[in-house]
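Okay, so here's the structure we're looking at.
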Amino acid sequence: MSLPDGYSSLRAEEKLDALWARVSSDPYPENALPTSVPGPWGRRKLFSTAFNRGSFELPGDELPPDRPKLVHTYGTCARVTLKVTAPHPYTGVFAKGGAALLRFSDAKGGGSFAPSIALKFFVNGKPSLNLLTLPTDHREKGDLRCFSSVYCNSTVPAKEFDSKLVQGAFQKAAKALGGTRLYSVYLPLHHLAGMHLDGASADNPVVPDRIEFHPTEEAKRACPDALDFRLSLGRVPAGIKLCDVHVAPKIDQPTQPMGELWLDSTFVASRYGDERLFFAHDVGPTEPVPH
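Numbering (full-length UniProt numbering), first residue to last: 1 to 291.
Spelled out as structure tokens, the structure:
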């Protein structure tokens, strides 16, 4: 089920409703969650700059049917709201927050667990703004807990040789598109600071360099340990605070509280969420900026 004609011109809340309807319409049975992921040969395209450009250049919120997810293959989605609760100077989405679609996914699969959190903020009549995060530090081998890590747009470099190659190819793709601030383990936030969800551009954008999502104790208690993260998250009830959100003006400076991320629905793992839902990366600024 694809998105309706005229989707791109809808209001933000209408887009969220339309996308959520598709994500939640075809959930997997709990006893039949898919687990097979592409092997090394299947993932060979990840070493290609040309292929990785698609992560930036593909339009809209849906993947083409012929482009598989070679990483973050399986995930589970929920509706959330970012609430701004502390004063700060940052603009755009950071100024007021708003409703979003969250996808929690496993970047690797196939026996290891490399969790990630992606957020999609919807804009009136304009493309969505996506925020992508990974754990701030290397996780202990065998740690299957969803909320044992802090998630951030700036993370530690990979240890594994193949992951390092993929990160390098991803960075080359951003540079080929003119990006000047995107590194393999840092994703810029300029697009989020430069746009309000009503479609108005932010005057004189003020951009945080770092954002962190700290899972709450309530979320940790509500998320049972399970062999599959989708089952764990499926037990988390709607209406709880998932994370405290912190930001910093520079990548290497301490963060300060900014807001809270609240869960508005239960999590749903579905075929549409895995095969069609798309979170585009932003190339970031194309001119040098101080950092």
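Ideal Cβ positions, reconstructed from N, Cα and C, are used throughout, including at glycine.
None of the values given here were measured: they were computed from a predicted structure.
Given residue i, which residues of its chain have a CB within under 7 Å of its CB, disregarding the five upstream and five downstream residues?
| i | result |
| --- | --- |
| Lys172 | Thr49 |
| Pro249 | Pro208 and Asp209 |
| Trp20 | Arg79 and Leu101 |
Return the residue from the list the options that minimises the CA-CA distance to residue i.
| i | options | result |
| --- | --- | --- |
| Asp274 | Asn130, Pro64, Asp264 and Ser149 | Pro64 |
| Leu134 | Ala269, Tyr186 and Pro68 | Tyr186 |
| Leu102 | Ala32, His191 and Leu82 | Leu82 |
| Pro254 | Ala114, Gly39 and Ser154 | Ser154 |
| Ile240 | Ala219, Ala99 and Leu131 | Ala219 |
| residue 292 | Leu189, Ser149 and Lys164 | Residue 292 is absent from the structure shown; the chain starts at 1 and stops at 291. |
| Arg67 | Arg276, Val283, Asn124 and Val245 | Arg276 |
| Arg22 | Glu30, Thr286, Pro29 and Glu62 | Glu62 |
| Val227 | Leu3, Gly54, Leu33 and Trp20 | Sequence check: residue 227 is Leu here, not Val. Of the listed residues, the one whose Cα sits closest to Leu227 is Leu33. |
| Ala176 | Phe113, Glu217, Thr286 and Arg79 | Thr286 |
| His281 | Pro27, Pro157 and Leu189 | Leu189 |
State the DSSP-derived secondary structure class of residue i, mapped to helix, strand or coil.
| i | result |
| --- | --- |
| residue 302 | Missing from the structure shown is residue 302; the chain here goes from 1 to 291 and no further. |
| Val80 | strand |
| Val283 | coil |
| Ala199 | Checking the sequence, you will find Gly at residue 199 rather than Ala. Gly199 falls in the coil class under three-state DSSP. |
| Ala100 | strand |
| His246 | strand |
| Thr133 | strand |
| Lys126 | strand |
| Val185 | coil |
| Glu57 | helix |
| Leu119 | strand |
Where does the unbroken beta strand (DSSP E) through residue i begin, and where does it stop?
| i | result |
| --- | --- |
| Glu212 | Arg210 to Pro215 |
Give me, in chain order, the residues of the same chain whose beta-carbon lies closer than 8 Å to that of residue i; leave out the 5 immediate sequence neighbours on both sides.
| i | result |
| --- | --- |
| Asn204 | Thr91 |
| Lys96 | Val84, His196 and Leu197 |
Report all residues from its chain with a CB closer than 6 Å to the CB of residue i; omit the five preceding and five following residues, and keep chain order.
| i | result |
| --- | --- |
| His72 | Ser105 and Ala107 |
For residue i, report the span of its alpha helix (DSSP H) as first-last.
| i | result |
| --- | --- |
| Gln167 | Phe161 to Ala176 |
So, do the stretch 220 to 236 and the stretch 254 to 269 have three or more beta carbon pairs nearer to each other than 8 Å? yes
Decide yes or no for the touch test of the stretch 5 to 20 against the stretch 137 to 153: beta carbon pairs closer than 8 Å, at least 3 of them. no
Check whether the stretch 156 to 164 touches the stretch 193 to 201, taking contact to mean three or more Cβ pairs, one atom from each stretch, closer than 8 Å. no
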